[in-house]
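S.K.: Dropping the structure in here first, questions after.
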Amino acid sequence: MFVSLGTPSSFELVIIGLAATLVFLIFSLLRKSSLDYVPGPSPSRSLFGLEHDLESSNDKPFEKLTKWRAEYGPVYKIPGCFWVRPCQCSRVAQFHGDGLLSAHGKSHQRQRKLLNPAFSTAQLREFLVLFQKATKEARHRSWILFISRGENVVDMADWATRISLDAIGESTFGHTFGAVEGKSDTDNLMKSNRRTHVALRRPSRWDLLARAVRRHIPLSVSLKVFHLFETKESRIFRMAGNVRRVNAVDILSKAKDNDAFNDESKKDILSVILRSYKAEEPNKRMNDEEVIAQTATIIQAGHGTTGTTTSWLIYELANHPEDQMRIVEEIKAVRAKIGFDTEFAVADYDAMPYFNAVIKENLRFHSVISFIARQASCDDTIPLATTIISQTTGKPLTSLPVKKGQRVLLDFESYHKMREVWGEDTNKWNPSRFLDPELRKKQDITVGVFSNLMSFSGGVQGCIGWRFALIEIQTIITSVLERFEISLSPEGLKIVPCRAGVVFPMIEGKLDKGMQIPLIVTKRNLHVD
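All residue numbers for the sequence shown refer to UniProt numbering, where the first residue is 1 and numbers rise by one.
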């Protein structure tokens, strides 16, 4: 191994990075903000701005944002740690690697273009067949274990996450995770998820300070040197990232020598990833880290956020048995047409209007991703749907100029509760709003990739797999309701939202136990297997 005398040591890289950060911060503090005229809560004299206030309210995740929106309107500024709003790319990269979630600019465009064929409508139909088979098998395995123990209370949060992981593994990668049976490798993944949730729920001031320093340093440098003085949070993130990496490498190593994946006609996710890895043209090739990162990202997104969304939906169906029965009646109507030996097609799921209205209402009512940050890559101007009043001139403003490097926080939860968009009963569960033909006419804005919702974000960085996520939810819920009735636990436990990266369902008074939804399950015989 040869080392150049001009190569800086890790310690020198840290010093250089910190010095650059200090210069940047001093410059930032002396520079007049382009947002001085935007209303917002008074900046704290603390180094942490209001970022610690926001992060320390995770047990009541929407309280601060709801209060600020009510006081300052739909557009307002929040001073963060070092007086700027955090960018999450470094934390995402720690979790998943340099993949689609953390990439931006030309790198994101290239990766998305390579992966797009795997998420086409044609692939959706192939995915559905495999996912239905995997879901059915995973459900049978879990209920056999469940019934054999003579129990009737299931933690639906844990179960939905595990069945999603098993089904996404089988249908997407041909890989058996064994999450339902509790295989040791998968348990490591589940445990690392829980540890991460705990860390994100209550970040310390030191964690916030480390995040703020890290976001001003190039990602490539940050990932290499910040392990030298880790916080508890960053150490948990690194360990969780290692677990995901091990899973991804295991899947890829088993598949890479299979010549079947070289067939250009195969557009499934694994084939597309492996062919990109072997491609010779630079613009069509993904390197080792990107291939591993894409695999880890799909695994996590396919069972993490989707599993959490599904568990919230199952809870709402238990909480609203009348909605559960309406969906069962729609399932019966479809079965009357296609029979009991035929699996649902995409069109069959779409033929159940109330079922789909319930799914949409769940996405609106429970913003699993409550907000995201976007950073301006150049000076730009954002048009505003609602006029704001300048705090310096008193004049109305219809656009918002932003400087390169400024962060914009997109508050999905507040948008999903806007009366101007969703009606006067936005804080109530009401799936029928999506069956109201007047609703769309009243909405004078169109955002997101699905039904005017921001659950899958939007624009060029909208969720590439949103159609697959919907099919996943439809398949799991239909599979469950055909055979089982779900009802609330007689213990009267209160399920509350808690933000820990995403917004999880937890039991009030037992937040330290993590994500939980204990529900009663009884058999329903729509047909016999």
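Here a beta-carbon is modelled for each residue, glycine too, at the ideal position from N, C-alpha and C.
Look at the alpha carbon of residue 555 and the alpha carbon of S451, and state the distance between them as a whole number of angstroms.
M.R.: One cannot answer for residue 555 here, as it falls past the ends of the chain, which runs 1 to 529.
S.K.: Beta-carbon separation of A199 and E230 under 8 Å?
M.R.: The answer is no: Cβ separation not under 8 Å.
S.K.: Does the segment 513–525 come within contact of the segment 349–363, defined as at least 3 CB pairs closer than 8 Å?
M.R.: No: the two stretches stay apart, fewer than three of their Cβ pairs being nearer than 8 Å.
S.K.: Measure how close the beta-carbons of E290 and Q111 come, nearest whole angstrom, since I'm counting them as under 8 Å.
M.R.: Indeed, because the Cβ distance is near 7 Å, the residues count as touching under 8 Å.
S.K.: For the 8 Å Cβ check, are there 3 or more pairs between the segment 183–198 and the segment 493–505?
M.R.: Counting Cβ pairs under 8 Å, three or more are found: they touch.
S.K.: Taking DSSP as the reference, what is the three-state secondary structure of M515?
M.R.: In the structure shown, M515 sits in coil (DSSP, three-state: anything other than H, G, I, E or B).
S.K.: Answer with buried or exposed for G235, where buried requires no fewer than 16 other C-beta atoms within 10 angstroms of its C-beta.
M.R.: In the sequence under discussion, the amino acid at residue 235 is Arg, which differs from the Gly named in the question. Exposed: under 16 other Cβ atoms inside 10 Å.
S.K.: Taking 8 Å as the limit between beta carbons, can you name the residues of its chain near H320, skipping five residues before and five after?
M.R.: If we look at H320 and ignore the five residues flanking it on each side, its Cβ neighbours are W429.
S.K.: Are S271 and K284 touching if we call contact CB-CB under 8 Å?
M.R.: No, the pair does not count as a contact, with Cβ atoms beyond the cut-off.
S.K.: Using 10 angstroms around the beta-carbon of D379, count the other beta-carbons present and answer buried if the total reaches 16, otherwise exposed.
M.R.: Classification of D379: exposed, given that the 10 Å Cβ count is below 16.
S.K.: Whose C-beta lies closer than 6 Å to the C-beta of L130 among residues of the same chain, with five residues either side of it excluded?
M.R.: Cβ neighbours of L130 beyond the five flanking positions: S171.
S.K.: Do you know offhand how far K133's Cα is from I520's?
M.R.: Whole-angstrom Cα-Cα distance: 25 Å.
S.K.: In the structure shown, what three-state DSSP assignment does R149 receive?
M.R.: Correct three-state label for R149: coil.
S.K.: Please work out which residues of its chain come closer than 7 Å, Cβ to Cβ, to G105, disregarding the five sequence neighbours upstream and downstream, and give them in chain order.
M.R.: Cβ neighbours of G105 beyond the five flanking positions: S377.
S.K.: What does the alpha-carbon distance come out to for the pair L65 and E280?
M.R.: Rounded to the nearest angstrom, the two C-alpha atoms are 48 Å apart.
S.K.: Taking the continuous beta strand (DSSP E) assigned at Q375, which residues delimit it?
M.R.: Taken as a continuous stretch (DSSP letters only), the beta strand (DSSP E) holding Q375 covers F371 to Q375.
S.K.: In its own chain, which residues sit with a C-beta less than 8 Å from the C-beta of R440, not counting the 5 before and 5 after it?
M.R.: Contacts found: N452.
S.K.: In whole angstroms, give me the CA-to-CA distance for K77 and R69.
M.R.: In a straight line, the C-alpha of K77 is about 10 Å away from that of R69.
S.K.: Inspect the CB distances between the segment 477–497 and the segment 321–340 and report whether three or more fall short of 8 Å.
M.R.: Contact between the segment 477–497 and the segment 321–340 is present, because at least three Cβ pairs lie under 8 Å.
S.K.: Have a look at K510 and R524 and give me their C-alpha separation to the nearest angstrom.
M.R.: Using only the alpha carbons, I get a separation of about 31 Å.
S.K.: Quick test of the definition: if touching needs 3 or more C-beta pairs under 8 Å, does the segment 304–315 touch the segment 469–482?
M.R.: Short answer: they touch.
S.K.: Is it right to say P79 is buried, meaning 16 or more other beta carbons lie within 10 angstroms of its own, or is it exposed?
M.R.: Buried is the call here.
S.K.: Using DSSP's beta-bridge definition, name the partner residues of A500.
M.R.: Answer by DSSP bridge pairing, in chain order: V502.
S.K.: Counting only runs that start and end within the segment 123–188, where is the alpha helix (DSSP H) found for 4 or more residues in a row?
M.R.: As far as the segment 123–188 is concerned, its whole alpha helix (DSSP H) runs of at least 4 residues are 156–168.
S.K.: So for P383, helix, strand or coil by DSSP?
M.R.: Correct three-state label for P383: strand.
S.K.: Classify F340: buried if its beta carbon has 16 or more other beta carbons within 10 angstroms, exposed otherwise.
M.R.: So F340 counts as exposed.
S.K.: Counting beta carbon pairs with one atom in the segment 292–305 and one in the segment 455–474, are three or more of them shorter than 8 Å?
M.R.: As far as the Cβ criterion goes, the segment 455–474 touches the segment 292–305, which means the pair count is three or higher.
S.K.: Is K32 helix, strand or coil by DSSP?
M.R.: For K32, the predicted model reports a pLDDT of 48, less than 50, meaning its position is unreliable; a value from the coordinates is still stated below. Coil at K32, not helix or strand.
S.K.: Please report the distance separating the alpha-carbon of R162 from that of S107.
M.R.: So the alpha carbons of these two residues sit roughly 32 Å apart.
S.K.: Check P401 in the structure and name its three-state DSSP category.
M.R.: In this structure, P401 counts as strand in the three-state DSSP scheme.
S.K.: From which residue to which residue does the alpha helix (DSSP H) around E424 run?
M.R.: Careful: E424 lies outside any alpha helix (DSSP H) and carries neither H nor E.
S.K.: With distances taken from CA atoms, which of K278, P383 and E137 is nearest P396?
M.R.: With distances taken between Cα atoms, P396 lies closest to P383.
S.K.: In angstroms with no decimal places, state the Cα-to-Cα distance between T310 and Y415.
M.R.: Distance between the alpha carbons of T310 and Y415 is about 21 Å.
S.K.: Using the three-state DSSP reduction, which class does I78 fall into: helix, strand or coil?
M.R.: DSSP places I78 in coil when its eight states are reduced to three.
S.K.: Short check: CB of L165 to CB of T186, under 8 Å?
M.R.: Yes, they are a contact pair.
S.K.: I'd like to confirm the pairing. Which residues does DSSP put opposite T522 in its beta bridges?
M.R.: Paired residues: E485.
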